[in-house]
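Counting in this note's numbering, the sequence shown runs from 881 upward without gaps.
Each residue gets a CB set at the ideal place from its N, CA and C atoms; glycine is no exception.
Note that this is a predicted model, so its numbers are computed, not measured.
Okay, so here's the structure we're looking at.
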Amino acid sequence: MPISRIDLKDAVSPEALVKRILQAEPNLAAPVPIQELCARLGIVGIEDLDTDGFEGGLITNSKRSEGTIVAERRSNPAAASPSCTNSATY
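Here it is in structure tokens:
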């Protein structure tokens, strides 16, 4: 999987992220190998966020070398994975 964070530069919406991921990985098929994709992009976890009025976001370290996705589960079923290192494929 050759994708890297540079492939996602300036993608500011979920739609733009998906478009850029599919451009970099045109043969990506379901089920998506989420652990491998997360590892290539420096995502170390996906956490549920229980709040009203906030869909989600990316929390990074100060160097922006790795981060965790936080997302409201009700609006994003894919966020149900507790961690990108989880052994399941989504």
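Which of helix, strand or coil DSSP assigns to residue i
i	result
R904	Residue identity check: residue 904 is Ala in the sequence provided, not Arg. Of the three classes helix, strand and coil, the one that applies to A904 here is helix, per DSSP.
A951	strand
N956	Below a pLDDT of 50, predicted positions are generally treated as unreliable, and N956, at 46, falls in that range; the measurement from the model is reported next regardless. Looking at N956 - three-state DSSP - the assignment turns out to be coil, as it is neither helix nor strand.
E927	strand
I939	strand
Residue burial classification, residue i (beta-carbon count within 10 angstroms, cutoff 16)
i	result
E895	exposed
L908	exposed
A951	buried
I886	exposed
L921	buried
G933	exposed
I949	buried
Residue closest to residue i, alpha-carbon to alpha-carbon, out of the options
i	options	result
Q915	D887, V898, T940, M881	M881
I883	P906, S945, R944, K943	P906
N941	L917, V924, A904, D930	V924
Inter-residue CB distance, residue i and residue j (contact presumed, cutoff 8 Å)
i	j	result
L897	L888	6 Å
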